[in-house]
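Number of protein chains: 2
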Amino acid sequence: MKLYDNRRAPNPRRVRIFLAEKGMSVPTEEVDLGALAQKTETFSAINPFQRVPALVLDDGTIICESIAICRYIEGLQPEPILFGRDTLETARIEMWERRMEHYLFAPIAQAFRHLHPAMKSMEVPQVPAWGEANKARGLKALALVDRELASRPFIAGDTFSVADITALVAVDWMKPARLSIPDELVHLQRWHAEISARPSAAA
Amino acid sequence: MKLYDNRRAPNPRRVRIFLAEKGMSVPTEEVDLGALAQKTETFSAINPFQRVPALVLDDGTIICESIAICRYIEGLQPEPILFGRDTLETARIEMWERRMEHYLFAPIAQAFRHLHPAMKSMEVPQVPAWGEANKARGLKALALVDRELASRPFIAGDTFSVADITALVAVDWMKPARLSIPDELVHLQRWHAEISARPSAAA
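Chains A and B, in that order, give the protein sequences. Going letter by letter, the first sequence gives residues 7 to 209 in my numbering. Going letter by letter, the second sequence gives residues 7 to 209 in my numbering.
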């Protein structure tokens, strides 16, 4: 297997953290997003949608989309289970993983992509009004997550799951997006400190 | 079980089509999005993120997010399998389901929400420049999907899957978003006619 990766982009980090939680290591190849290497003919043959990460299996099969890659890895190496043990737990984890994507990760992404000068060549056209609208959305989601974390240790329940990975990568992306966790969100702060202390967070 | 639904919104339709493909029927309660019923205290207690659909189980457990609901239903009623039979097929279907969400459904949603006058009270603030940017993205994704459908019957392979449901709902949403399938995309036209002819498409 080989993972097409980028050390600074948030999506590939989700897969690297997932692999680290599984105790797995996969060879990587860095895709230089700054040089728009994802838009070359070579990389477009790997992923016509021109995004990282992409996982290439030994037989040449290609899997794209971070969570599809993670779910494939879960199939190869089930323990520790990060997508849920039974039908109901799987649904609850997917609900929270998607909430973290749609209401936290996506607004932070949009704020970053539409406001940061470094994204001018990648996000065409940048629409600053849209970036600004998303700052408020990201902060609203943080407050909702804080309320949930008042009564449980992890995003989706009593155990660490893929939803914590998406949320961690989103929260860590707030810094380049020029946002920060408000001081009063103490449960979110507690959760962030605990998840950041896991060895996988360095991935 | 009860499904909080809305007959005009695209996300609940994904769940209704999924249920129809499974031969299942679930009682529904209409949430009046036009009257902003999703933002009331009553509905916020069901889904603090204020979105439909939401599935309430008989014991009161609530599952939100369309695909989390669909995956739960697949657990209850595995046949016909719509999320994949084994690890690799499951990954391939999830890759395509997410591609249809991120590169087709989302741009069409953004074009609709930021340009349609009827969305003024729901999408605050509307950012027309962002709506326009997404029209081009949606059309680009359609062309990529057309190329894929030249060599296989369904979005993710040889069998109908949840990826076809997301793609159908996205394509049918193009009309209110004032977009249409370009005439030259004959493979996409063929696929759309076939999927629209399935009884589930009326759901």
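C-beta atoms are modelled at their ideal positions from N, C-alpha and C, and glycine is treated no differently. Since the model is a prediction, treat every value here as computed from it, not as a measurement.
| query | result |
| --- | --- |
| Residues of the stretch 45 to 63 of chain A with Cβ closer than 7 Å to any Cβ of chain B, in chain order | Pro54, Phe55 |
| Start and end residues, alpha helix (DSSP H) containing Leu121(B) | 112 to 121 |
| Close beta carbons around Gln195(B), own chain, < 7 Å, minus the five adjacent residues each side | Ile187 |
| Chain A within 8 Å of Trp179(B), Cβ atoms only | no |
| Test: Ala156(A) CB closer than 8 Å to a CB of chain B | no |
| Chain B within 8 Å of Arg105(A), Cβ atoms only | yes |
| Buried versus exposed call for Ser40(B) [16 or more other C-beta atoms within 10 Å across all chains shown] | First, the residue type needs correcting, since residue 40(B) is Gly and not Ser in the sequence shown. It counts as exposed. |
| Classification of Asp92(A) by the beta-carbon crowding that lies within 10 angstroms, buried from 16 upward | exposed |
| Contact the stretch 114 to 132 of chain A vs the stretch 165 to 179 of chain A: 3+ CB pairs below 8 Å | yes |
| Per-residue burial, Ile105(A) [other beta carbons within 10 Å of its own, 16 or more giving buried] | It should be pointed out that residue 105(A) corresponds to Arg in this sequence rather than to Ile. When all chains shown are included, Arg105(A) counts as buried. |
| Strand pairing of Leu9(A), partner residues [DSSP] | Thr34(A), Leu61(A) |
| According to DSSP, residues forming a beta bridge with Gly163(A) | Phe160(A) |
| Residue from Thr165(B), Ser202(B), Ala142(B) whose Cα sits closest to the Cα of Thr96(B) | Thr165(B) |
| Other residues of its chain near Glu107(B): CB distance less than 7 Å, five sequence neighbours each side excluded | Thr172 |
| First and last residue of the uninterrupted beta strand (DSSP E) at Ile69(B) | 68 to 70 |
| Cβ distance (whole Å) where Arg20(A) is taken to contact Glu36(A) below 8 Å | Rounded, the Cβ-Cβ distance is 16 Å, inconsistent with contact. |
| Span separating the alpha-carbon of Gly29(A) from that of Leu155(B) | 38 Å |
| Interface positions of the stretch 100 to 128 of chain B facing chain A (Cβ-Cβ less than 7 Å), listed along the chain | Glu100, Met101, Arg104, Arg105, Tyr109 |
| Distance, Glu80(A) Cα to Asp170(A) Cα | 15 Å |
| Secondary structure of Leu82(B), DSSP reduced to three states | helix |
| Nearest to Glu190(A) (by Cα), restricted to the options Ala183(A), Leu150(A), Pro18(A), Ile161(A) | Leu150(A) |
| Ordered list of beta strand (DSSP E) runs contained in the stretch 126 to 205 of chain A, each at least 3 residues | none |
| Rounded straight-line distance, which links the Cα of Met128(A) to that of Phe49(A) | 16 Å |
| Selection from Trp102(B), Gly66(B), Asp38(B), Thr67(B) that minimises the alpha carbon distance to Ile73(A) | Trp102(B) |
| As assigned by DSSP and simplified to three states, the class of Gly29(A) | coil |
| Chain-ordered chain A contacts of Leu150(B) [CB-CB under 9 Å] | Pro54, Phe55 |
| Continuous alpha helix (DSSP H) stretch holding Ala51(A): start and end | 47 to 52 |
| Ile99(B) - DSSP class collapsed to helix/strand/coil | helix |
| Closest Cα partner of Val168(A) within the set Pro84(A), Ile68(A), Ala60(A), Leu148(A) | Pro84(A) |
| Check whether Ala124(B) and Val58(B) have beta carbons under 8 Å apart | no |
| Exposed unless 16 or more other CB atoms sit within 10 angstroms - verdict on Leu121(B) | buried |
| Chain B within 8 Å of Pro131(A), Cβ atoms only | yes |
| Contact set between Ala97(A) and chain B, taken where Cβ atoms lie within less than 8 Å | Ile69, Ala74, Ile75, Arg77, Tyr78, Gly81 |
| Inter-residue spacing [alpha-carbon to alpha-carbon] between Ala118(A) and Tyr78(B) | Sequence inspection shows Phe at residue 118(A); the Ala mentioned does not correspond to that position. The alpha-carbon atoms of Phe118(A) and Tyr78(B) are separated by roughly 34 Å. |
| DSSP three-state assignment for Ile5(B), whether helix, strand or coil | No answer is possible for residue 5(B): the residues shown for chain B start at 7 and end at 209. |
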